[in-house]
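Remember, my numbering sits 1 above the position in the sequence shown when you count from 1. Beta carbons are placed, not taken as given, at the ideal position from N, Cα and C, and that holds for glycine.
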Amino acid sequence: REFPDVISIVDSVSSFSTLAIEKDKLGIDILLTGSQKALALPPGLSLQAVSERARARAATMTDRGYYFDLLEFHENHLKGMTPSTPC
């Protein structure tokens, strides 16, 4: 990597299901998409794939906030929970 401190974030909302996205091969740290476009589902669902590298970087941040805390999302994922109000 030319810039090893940079975390790459890709919004794949329009192309998510139309082509293979080799996240690890491309060096993508965070891949985001939504349900309303390429997946043809009702809007409101957000999907993310986060690399270990991005999670490790997030762990070094003292003020990650609450709304988009990658570590909180991951901890809830491991418990089979949603990051906020469960359905």
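- Message: Give me the residue from L48, L71, I22, D30 with the minimum Cα distance to Q37.
- Response: L48
- Item | Among M82, S13, M62, A60, nearest to G35 - alpha-carbon criterion | S13
- In three-state DSSP terms, what is L40? coil
- Unbroken beta strand (DSSP E) runs of length 3 or more, entirely within the stretch 2 to 38: which are they? 10 to 12, 31 to 35
- Item | Span of the alpha helix (DSSP H), counted from its first residue to its last, around L79 | Start and end: 71 to 79.
- Query: In or out: V7 buried (at least 16 other Cβ within 10 Å) or exposed?
  - Reply: Label assigned to V7: exposed.
- Considering P47, what are the terminal residues of the beta strand (DSSP E) in which it resides? Residue identity differs from the one stated: residue 47 is Ser in this sequence, not Pro. 47 to 51 is the extent of the beta strand (DSSP E) around S47.
- Message: According to DSSP, is R54 part of a helix, a strand, or is it coil?
- Response: DSSP places R54 in helix when its eight states are reduced to three.
- Rounded C-beta distance between R56 and L32? I'm assuming under 8 Å. Contact between R56 and L32 does not hold, since their C-beta atoms are separated by about 13 Å, which reaches or exceeds 8 Å.
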